[in-house]
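Single-structure report; data block below.
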DNA sequence: ACAGCCATGTAACTCGTTACATGATTAC
DNA sequence: GTAATCATGTAACGAGTTACATGGCTGT
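Residue numbers (this note's numbering), protein chains in the order written: chain S, 1 to 180; chain U, 181 to 360.
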């Protein structure tokens, strides 16, 4: 029963565990609101191929609806899907996080960048970081206090703290680059 | 001249910009010491294929050495390679970091995990985080105060601060899960 | 009428991994 | 002599992306 699926597949099953009966399109939207910050938001095309595969594995089932001429497919977790998800969650250990940090990577080669560029790179990063934070804050606000989304809220708070500490660290780095 | 290479290719060029005349094997070791923490450490096989490609693009050149029966290939940056690397570094903006955080992803679905498991997952994460930190600290120590590696040292310090703030946040999360 | 969103998919391709394969050199 | 490390590659595969392709529904 513990067939190896990619983490992204489990992530999609997890989204279905919250809002059952979603279309591929809606699933992508949910992914943009949550997965994007802690994992990745798969491309639309991948969502659809993934759903097809999960259906073949009988982890989700699909209902075809017809509204006028348009066909809409809504996906639900099956019992097998729910079991597979819980088994994955119970299977330790969780892998160590992977960080792909282009700004850190570039700063590593700081001696090849001119000083002004180094500083403006960090400034630009601070700006995009602030933007991201606003986006995550909006998601956090939308979750409110509802017990049903207590864990998503907790993780969103974690993410916000991370953005804050990153902001502080980069600001300090920026200051160190100032004095030269 | 600004042909699009993958970020990992530039990362390898960057490593060659520090220690010129490295073998594929040595390059992999350097990657394990630095890139691993902020980007990814490519598999050995990828290092070799990447070097072959970079050579075809004339961004690196290769010297074949013979020591007894063994053939060793040492790679150096060419002028074109150095230029391509600098151009990439000067080409803003740097992309936003990507975080793949399996622990956060799982906690998102915390309602599907039993409370004991939730706590032990965070405990295990704290442990591997401490381990990682020791590894990065060793790298940092090896860099010392030398001006030639000032930027790698700066980035290593940044990474250490990140591990520390992550430790603090997870410890706090762990505490919140305690009271239930 | 037109824009923007909803909705679903296929095809080609790239990046990167694991598994496979080989063998020399060095230190104990 | 034998284990660890140095050294280089090929083959098969998987995960994920972008580009391509289509078309209905909704609000103004």
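Just so you know, even glycine gets a beta-carbon here, dropped at the ideal spot from N, CA and C.
The beta carbons of residue 342/U and residue 265/U sit no closer together than 8 Å. Cβ-Cβ separation between residue 220/U and residue 104/S: approximately 12 Å, too far for a contact (criterion under 8 Å).
Residue 316/U sits close to residue 340/U, with the two beta carbons spaced by under 8 Å. Pairwise C-beta distances place the stretch 117-129 of chain S out of contact with the stretch 293-310 of chain U, as fewer than three of them are shorter than 8 Å. The C-alpha of residue 326/U is placed about 33 Å away from the C-alpha of residue 349/U.
Here residue 202/U is buried. Its C-beta has 16 or more other C-beta atoms within 10 Å. Note on geometry: alpha-carbon atoms of residue 93/S and residue 286/U lie some 11 Å from one another. According to DSSP, residue 245/U shares a beta bridge with 252/U.
CA-CA distance, residue 118/S to residue 177/S, rounds to 8 Å. Distance from the Cα of residue 217/U is smallest, within the candidate group 49/S, 35/S, 97/S, for 97/S.
Around residue 161/S, the beta-carbon contacts reaching into chain U at under 7 Å are 349.
Annotation: residue 355/U has no Cβ neighbours in chain S at a cutoff of 7 Å; minimum Cβ distance is about 12 Å. Within its own chain, the residues whose Cβ lies closer than 6 Å to the Cβ of residue 241/U, once the five positions on either side in sequence are excluded, are 256, 258, listed in chain order.
Residues 72 of the same chain have their beta carbon placed closer than 6 Å to that of residue 65/S, with the five preceding and five following residues left out of the count. Chain U places a beta carbon closer than 8 Å to that of residue 108/S, counting this residue as a contact. In the three-state DSSP reduction, residue 35/S falls in the helix class (H, G or I). Residues 320, 323 of the same chain have their beta carbon placed closer than 7 Å to that of residue 333/U, with the five preceding and five following residues left out of the count. Classified as exposed, residue 4/S has fewer than 16 neighbouring CB atoms from the shown chains inside 10 Å of its CB. Taking 8 Å as the threshold, the shortest C-beta distance from residue 134/S to chain U does not fall below it.
Residue range 98-100 is occupied by the beta strand (DSSP E) that includes residue 98/S. Taking a beta-carbon distance threshold of 8 Å, residue 270/U counts as an interface residue toward chain S. Taking 8 Å as the threshold, the shortest C-beta distance from residue 103/S to chain U falls below it. For residue 33/S, the CB contacts under 7 Å within the same chain, skipping 5 residues up- and downstream, are 139 in chain order. In the DSSP assignment, residue 350/U falls within the alpha helix (DSSP H) that extends over 330-358. By the criterion of a C-beta distance shorter than 8 Å, residue 171/S is surrounded in its chain by 126, once the five residues flanking it on both sides are discounted. Between residue 293/U and residue 89/S, the C-beta gap is smaller than 8 Å, which places the two residues in contact. Taking C-alpha positions only, residue 149/S is separated from residue 29/S by approximately 17 Å. Distance between residue 228/U and residue 16/S, taken at the CA atoms: about 41 Å.
When rounded, the separation of the alpha-carbon atoms in residue 111/S and residue 331/U is 7 Å. When C-beta distances to chain U are compared with 8 Å, the residues of the stretch 19-48 of chain S below that value are 34, 35, 37, 38, 39, 40, in chain order.
Linking residue 24/S to residue 57/S through their CA atoms gives a straight-line distance of about 17 Å. The continuous stretches of alpha helix (DSSP H) do not include residue 112/S, and DSSP gives it neither H nor E. With a threshold of 8 Å between beta carbons, residue 85/S makes contact with chain U. Between residue 158/S and residue 353/U, the CB-CB gap stays under 8 Å. Per DSSP, residue 189/U is one residue of the alpha helix (DSSP H) stretching across 187-198. Listed in chain order, the non-local C-beta contacts of residue 132/S below 7 Å within the same chain comprise 163, local neighbours out to five positions each way being set aside.
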